[in-house]
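Working notes, structure below.
Residue numbers (the working numbering): 4 to 230.
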């Protein structure tokens, strides 16, 4: 089926706390893009989530797209969802949000901005930004804050080490208040002690790695760049 091309957005209360990792887009093609979010309701139940796609930041002009069904955010996938919006126009900016009904009320994610790739035969300059080796503990993502101010970036790519699996490795990690990595699944942690000074911990279990991604993606500057 195809989404409506016009109409007012549904009345939904902004609820960033329900989407603590905000939204993200990626894998742009001339006619499609992948859109992502994670829902956190405080319980383990499934949550039905709907993607809304618009041509304007005011969310008044509905975009035409080959619509995927509403998707379920399930515990098996840490309540993450990915939707492939296809049938889009090339080299076009779209705005989007996710909406979920919780306790009888429609609640909306942050509004994301995405852009499809140029047509395969297009001939125009493209502005890329790239980063690498980000660490959360004791670090502040001022580089992302700077990137978010750059005009008309076409594509953002992370070259590697999007997360570090270690926490408290004195060789390069320094924690600070409010920026620590403390694993919740302590039974799943790998203890590493190379020098006999107590060592550090490293992620090993699935819960450990999920926690790291949740934590790293909680950074507001990172969210602004990757929406």
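Every residue, glycine too, gets a C-beta built ideally from N, C-alpha and C.
As the structure is a computational prediction, the values presented were derived from the model and not from experiment.
query, result
"Rounded straight-line distance, which links the Cα of residue 143 to that of residue 152", "16 Å"
"Own chain, CB closer than 6 Å to residue 83, minus 5 neighbours either side, in chain order", "41"
"Extent of the continuous beta strand (DSSP E) to which residue 100 belongs", "96-105"
"Touch test, the region 67-78 against the region 125-139, Cβ-Cβ under 8 Å, three pairs minimum", "no"
"Cβ-based burial, residue 203 [other Cβ within 10 Å; buried from 16]", "buried"
"Among 86, 17 and 223, nearest to residue 109 - alpha-carbon criterion", "17"
"Opening and closing residue of the beta strand (DSSP E) in which residue 3 lies", "Examination of residue 3 is not possible in this model, given that the chain is present from 4 through 230 alone."
"Sequence ranges, beta strand (DSSP E) only - wholly within the region 104-138, length at least 3", "108-111, 115-118 and 131-134"
"Residue 54: first and last residue of the uninterrupted beta strand (DSSP E) it sits in", "50-57"
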